[in-house]
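Input: a single structure, listed below in structure tokens.
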Amino acid sequence: SINESVGPTLRHVVAWMSRAEWEQLLENLHSGQTALQTHALHRLSAWRGRFGNNTPVAVESTANLVRCQVLDSSGKLEGDDLVLLYSMALTRCVNLILERRQSRVARSLRNLASKLNIPEWIVNLRHDMTHRRLPSLKWCRKGCEFILNWLRQEYWSRQLNGRVIEDWSSSSEEEEDEEERSKRHEEERAKRQRDIEAHKKARELLISYEREQFQVYEELQSRNSEHGPWPNATADLSWILAQIKQFGSESRDVLVGALVQDGFLIPTGEQLESLDINPSEDLLDPLTPCLPRVFLRFWFPLWKVLNSPSFITPIMDKLFAELSNEPTNHRAYYISAWISEILHCNSKSESKAVRRMKMMKERIFVSRVLFQWQDLISACLNAPCPATPFLLQQILSDMDKPLPPATQQNLLRLCSIYTQSNHGDCSPTNTDSSQTVYTLESLQERLEGATHDRLSPNHTPQTVQATPTTDLQEYLSAETIQERNAALRGSPWSVCTDKVPWKLYPLGKVPGQSEDPSCLMVETYSTLTVFDQQVELDHIPPPHGNTSGLMQSRTGSDGPLWTHNDLSKLKAGLKLF
Amino acid sequence: MKVHKVSPRSRNEQRKRHPPKNKWRVHNKKISNVDPSGLSSSPATAKLEHHLATRQKLKLKRLQKVYTKAVDLTLEDNHSVRAKGKVSAPVTLPQAHTNGGTEVEAASDSEDSQEWRSYAKSVLQNGMERRGGRENSAPAASEQLEDEELPGYHAQHDHVQNHTVLVLQQGQSLCFRGRCLLTCLSGRVEVLGFTIEQGQQPYPLFSPSSHCPLTITALGDCTPSTKNKKEGRLEAKAIVRKYLSSEPRKRLLSEVDSDSCVVLLQPLDTPLTRFLSSFSELSPLFDINSKELRSQAAVYDPALSAVGVTALRGPCRQGLVTSLSYREALSNLLSAWEGDFDRCPIVLVCGAKNSGKSTFNRHLINSLLNHTASVEYLECDLGQTEFTPPGCLSLSTVTEPLLGPPFTHQREPDHMVFYGQADCQADLDRYLDSLKTLWRHYSGENPIIINTMGWVKGHGFQLLLDLIRFFSVTHLVQLSYGDTPQCHSLTPEFLRSAQGWQTHPPSQPSITDEPVSHLSARSHVLLSVHSEFEGAGTSGEMRHQRSNELRDLALLGYFSHLQSSEPGPIRPLHCFTPYQVPHSAVAIGVTHCEVAPNHILYAANASLVGLCCLGEKVSGRGGPVLLSQVPICHCVGLGVLRGVDMARGLYFLVTPVPPAALRQVNCLLLGEIKMPKILFTTQHGVEMELPYVTTDYSFDITGAGKLHVFKRRTRTCFVNTKTNN
């Protein structure tokens with residue numbers, strides 16, 4: 001997607017377990033149904049518990065305002081009560097939102113509000129609430145409704161759709177000048193818009209190219225000569241190619257980004273079928289990927305116009321980057337096949353195949369591209385996939401200043417051990433005892449660690465190295481478990497002895513946990529009251545004598561408002577309206 | 001019975017018999033065995049009591065060196081020069097307010113007290129001695145002095161044994177960043193008030209970029225001058241030979257003299273250091289900080305860097321800057337310790353944020369540990385705790401010196417109460433009541449140091465008054481900085497009329513019939529300290545210096561106890577085998593806000609919990625047991641509620657608390673202190689999406705950030721008038 005080009009992403013710790021929990025809350029909050037809104041308010045109380053003083057201002061403000069609406073619709077409160085409630089919720093909301101926009105030099109709220117599309121009457125309403133006659137309930141309701149809509153538009157609908165730019169702490173510590181800030185925002189927004197436009201255009205151009213080429217293929221097919229050479233470009237195709245070339249020179253990265261998306265250089269199953277290529281993956285050997293000829297010819301005219309080194313190098317980078325990004329098998333196959341094809345065309349040894357290609361003018365390049373070989377090797381090694389040894393072999397044999405043969409061999413062997421755990425052709429015949437013996441598991445572990453590290457940009461290569469090759473899971477010996485359980489005997493505690501690969505379960509997840517965001521709802525609970533907390537220093541009571549307990553039990557009837565099932569039913573019911 | 005200085009040889013033999021774990025091991029054990037009620041009458045305790053009675057006081061390490069006259073003169077000189085030279089600058093001299101005739105420095109002719117006093121005096125001198133040259137000479141001269149000292153580190157690394165031998169001449173000091181294990185091979189060195197002599201156990205030193213760097217200073221040799229110079233030199237050379245192979249040895253031997261100190265530095269590899277370095281963000285924690293980098297303060301010395309030590313030079317090598325009032329307060333307190341314990345010193349240290357309380361405490365504790373086996377410590381600061389994770393109030397017995405910042409010595413306290421927040425503003429009464437609960441556990445037999453929070457305005461100041469009254473403080477150290485005091489001076493006179501939060505001034509008695517004894521029991525000695533270090537009163541701005549980062553480090557330090565002490569992989573928290581407990585067997589509560597009962601597990605899952613022990617039995621009838629209010633109860637430690645099994649009704653918990661303590665836990669408290677973010681974002685080996693972690697949250701969207709309080713905001717009108725002028 002377009003977001004991938006925006007840059008590195010930051011990981012934030014938030015109060016919701018998953019996007020589903022966020023979406024469920026959003027839905028309930030804006031449902032307009034008191035019961036669902038109450039449920040959302042209760043969940044927000046748990047979020048506040050998690051966030052502590054990091055609770056986003058918009059979340060807190062929304063909760064306060066929705067609480068007013070819920071209490072209003074309950075009919076239990078008098079008008080004057082409600083005015084007071086609404087006033088506090090509204091005042092806090094306006095203050096907190098605008099406060100964050102303040103810079104070192106104080107500005108009037110009206111000024112700040114106008115920049116945020118908050119109308120003047122809201123600011124005046126706040127002013128009346130704090131300094132003048134309390135407004136009428138009608139005005140309170142109106143203001144509350146407006147602000148809730150505003151929050152929905154400005155915060156709830158936009159959040160979790162875009163990408164992160166700042167961090168909790170950086171954003172909170174920052175005291176940026178407000179004008180600078182809004183300027184920067186505008187610029188960013190404009191840039192994002194430009195990116196989206198450019199991306200759209202790239203896709204349009206490529207689609208029109210494909211459409212044109214499919215027509216050509218269909219004609220060839222009708223003449224039963226689809227396996228032969230393709231005709232020279234038609235006028236239409238030439239025009240499209242010229243446009244693509246022009247576009248590529250203006251926004252190369254966007255074009256490269258679009259090309260490696262599914263449906264272009266990575267064919268969809270449908271596309272393969274229309275080119276009479278069996279899309280079944282069983283026929284393909286992932287170790288030595290190779291592009292179907294017809295498919296290569298399909299894209300050949302495009303490569304011809306984009307064969308400059310200034311384009312080939314970034315596309316190689318992009319292909320490797322995509323390969324390192326945990327692609328599906330299908331994607332990995334075609335990405336590595338394209339890499340192989342490019343390397344092949346660039347090959348310095350004039351093999352028969354190359355000469356044949358030359359003759360058939362099926363070579364992507366006119367002249368050899370001088371790659372940054374070291375970079376290429378590390379890019380290749382950073383993107384382990386079944387085809388990595390194959391690609392590495394190509395790179396190594398193609399280098400202008402080849403590495404020493406022993407190094408080459410070691411690199412290749414390590415690489416195949418790393419990527420092909422199921423191939424026994426690398427038995428350690430000449431290894432001496434000092435070398436580390438890798439187990440299948442440890443290598444998988446490493447692979448996992450490596451991919452994980454790539455996902456989080458905060459990691460320097462140092463940590464990748466530091467990622468231990470041994471198993472991270474803690475295995476307690478039988479004695480340790482026995483020892484611990486003996487110490488715990490008589491208490492409700494024990495060591496968990498379930499056979500669970502805990503290393504696969506992140507904090508907050510346990511085996512068998514449902515993906516349903518309602519999975520942690522409590523249906524029955526009891527309440528414990530601890531009395532008498534006063535501590536008098538002069539009069540020291542006996543240990544533990546200062547507390548006495550009272551246990552109350554509650555069941556679903558007067559405890560939880562809605563059980564999980566009730567909610568599901570309610571939600572199902574909602575869809576009928 | 002007196003402990004006499006033993007010759008190095010016999011000390012070494014002792015060391016062999018008792019593994020060098022703790023130099024006061026024997027005494028400590030005895031102390032911890034004392035039945036606090038004093039009712040036990042077993043022969044063993046009786047013997048011990050007798051032993052204690054005859055000894056009066058535990059004196060375990062004694063510095064017998066009496067400073068020479070010359071040094072004494074330096075002190076006088078410094079004092080007068082300083083007083084004359086700095087007329088314009090406000091030099092706050094400590095004001096000792098003794099009231100009601102309690103003579104703290106009661107005359108005592110015993111040899112013990114003389115030694116105490118001479119040591120107390122030496123503290124005063126040490127600082128002067130070290131800073132003297134720099135303070136009194138013109139800036140140019142002082143720079144010159146430092147330049148001269150620059151290449152002077154005589155250190156050699158032995159590659160086979162992977163350690164470095166460092167030779168320091170008397171008075172020479174090494175101010176450094178990094179971490180290492182220090183053993184004194186010959187002579188005597190001092191680190192943050194603690195002296196380490198030949199024959200003592202190795203001590204871990206931590207000098208991370210987050211705090212003021214540590215300084216190792218070579219002190220004068222304290223061995224009786226029975227040996228002549230030559231013998232001393234030969235002995236020192238023999239030690240160097242023993243620890244270095246021939247090649248590096250040669251280069252060092254010529255530098256060794258009879259009065260030089262020889263220290264052994266070894267790389268320090270502990271579960272803590274390994275756990276911290278497993279996070280790439282924290283890997284530069286023990287490197288020099290950005291300011292030192294800018295001023296090119298690092299001295300490149302391969303022998304030192306081989307063991308993880310970077311020496312500093314230039315202005316950065318100043319290390320801890322102690323003002324005269326600081327040293328005088330320290331000296332005063334050491335003298336007070338000498339008293340006969342009929343009124344055990346109760347020292348309360350207070351001052352605004354970043355006034356240097358924490359460093360002063362560490363310095364004081366270390367200085368005391370030179371002479372006494374243990375010091376009691378009451379933690380009343382929730383945000384920057386010394387021994388426990390933040391949000392906890394605790395009472396500890398300190399027996400080991402503190403040669404690093406708090407996150408390097410997270411230890412199990414004797415008693416702890418979980419408060420749950422980094423400040424006490426939300427519930428002042430619970431804060432005070434928690435402290436009172438802890439105070440009940442204080443035996444009163446040992447002197448105690450009470451650390452307080454940096455909130456000294458408004459209600460914070462009232463709480464401070466309460467604490468002084470509750471604990472019957474005898475010595476009050478009040479730190480301040482800058483020209484204007486941060487709060488009213490806490491003189492006994494002031495306390496007689498000031499209102500606290502829970503306490504009130506005693507009703508004014510008529511002068512005639514008030515018994516003097518009552519009043520005197522309530523008064524204290526006030527020691528005012530004016531901090532003069534650079535940046536006093538301002539919070540650190542560099543990486544790892546902000547208070548929330550320090551809190552995270554403390555928590556990481558705490559959870560590093562989960563890691564195996566043997567070398568091996570560093571495990572992320574989720575990889576540990578958890579403990580399990582049924583929902584109905586432990587109560588659960590939230591300290592800082594209201595959470596809807598049915599949604600409680602949304603707040604609890606994957607959260608940090610205080611593991612607490614309620615007096616009453618907890619047995620719910622299926623489902624969680626919720627606390628209706630926050631209890632004040634004993635807390636054995638913290639854990640992570642790693643997951644919730646809804647089907648079987650179990651909590652899974654990962655904690656470094658030993659099972660014997662965990663068994664008492666029947667209450668889990670959730671606080672506002674959160675798990676360090678890094679523990680969520682770095683979970684290696686997990687294939688599924690990480691819960692509670694997202695890359696899609698944007699802080700650019702209006703209202704996305706937390707509530708932000710702006711300080712120091714000028715109104716537009718002020719700006720305008722300024723520009724108009």
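Residue numbers (full-length UniProt numbering), protein chains in the order written: chain D, 1 to 577; chain P, 1 to 725.
No residue lacks a Cβ here, since even glycine has one placed at the ideal position from N, Cα and C.
Quick caveat: nothing in here was measured; it's all calculated off a predicted structure.
Are the CB atoms of residue i and residue j nearer to each other than 8 Å?
i       : j       : result
A89(D)  : L116(D) : no
G643(P) : Y505(D) : yes
F298(D) : Y217(D) : yes
R50(D)  : S607(P) : yes
L82(D)  : L71(D)  : yes
T695(P) : L10(D)  : yes
L601(P) : L507(D) : no
Going by DSSP in three states, residue i sits in which element: helix, strand or coil?
i              : result
A332(D)        : helix
Q24(D)         : helix
K706(P)        : strand
residue 728(P) : Only positions 1 to 725 of chain P appear in this structure, which leaves residue 728(P) out of reach.
S157(D)        : coil
R551(P)        : helix
D262(D)        : strand
residue 772(P) : Lying outside 1 to 725, the shown extent of chain P, residue 772(P) is not represented and no answer is given.
S108(P)        : At S108(P) the pLDDT is 42, less than 50, meaning the model places this residue with poor confidence and gives no usable figure here.
G460(P)        : helix
R408(D)        : Note that residue 408(D) is Gln in the sequence shown, not Arg. Here Q408(D) sits in helix by DSSP.
F360(P)        : helix
residue 726(P) : Lying before the first or after the last residue shown, residue 726(P) is absent from chain P, which here runs from 1 to 725.
V94(D)         : helix
G232(P)        : helix
Cβ of residue i within 7 Å of any heavy atom in the ligand PLP?
i       : result
F471(P) : As far as ligands go, the structure on display features none, and thus does not contain the ligand PLP.
On the DSSP bridge assignment, give the partners of residue i in chain order.
i       : result
N451(P) : V349(P) and E379(P)
Q156(P) : V165(P)
C180(P) : L205(P)
H415(P) : L395(P)
P213(P) : Looking at the DSSP assignment, P213(P) forms no beta bridge with any residue, so it has no partner.
L264(P) : V165(P) and T183(P)
Quick check: the region 241-257 of chain D against the region 203-217 of chain D, are there 3 or more CB pairs under 8 Å?
yes
Tell me, please, whether the region 237-255 of chain P touches the region 156-175 of chain P by the rule of three or more beta-carbon pairs shorter than 8 Å.
yes
When you compare the region 230-240 of chain P with the region 298-311 of chain P, are there three or more beta-carbon pairs, one atom per stretch, that lie closer than 8 Å?
no
Any 3 or more C-beta pairs closer than 8 Å across the region 408-419 of chain P and the region 546-560 of chain P
yes
Is the region 323-336 of chain P touching the region 468-484 of chain P, taking contact as three or more C-beta pairs under 8 Å?
yes
Mind listing, in chain order, the continuous alpha helix (DSSP H) runs of no fewer than 4 residues lying wholly within the region 11-76 of chain D?
19-29, 34-51 and 57-74
Can you find at least 3 beta carbon pairs, one from the region 479-491 of chain P and one from the region 340-355 of chain P, that sit closer than 8 Å?
yes
Check whether the region 495-504 of chain P touches the region 556-573 of chain P, taking contact to mean three or more Cβ pairs, one atom from each stretch, closer than 8 Å.
no
Ignoring anything shorter than 4 residues, give me the alpha helix (DSSP H) runs that lie fully in the region 600-651 of chain P, in order along the chain.
600-604
Three or more C-beta pairs under 8 Å: does that hold for the region 699-707 of chain P against the region 664-675 of chain P?
no
Counting Cβ pairs, one atom from each stretch, are 3 or more of them under 8 Å apart for the region 322-334 of chain P and the region 525-534 of chain P?
yes
Indicate whether the contact test is met: 3 or more Cβ pairs, each with one atom in the region 295-304 of chain P and one in the region 560-571 of chain P, closer than 8 Å.
no
Give a yes or no on contact between the region 378-394 of chain P and the region 416-434 of chain P, applying the rule of three or more CB pairs nearer than 8 Å.
yes
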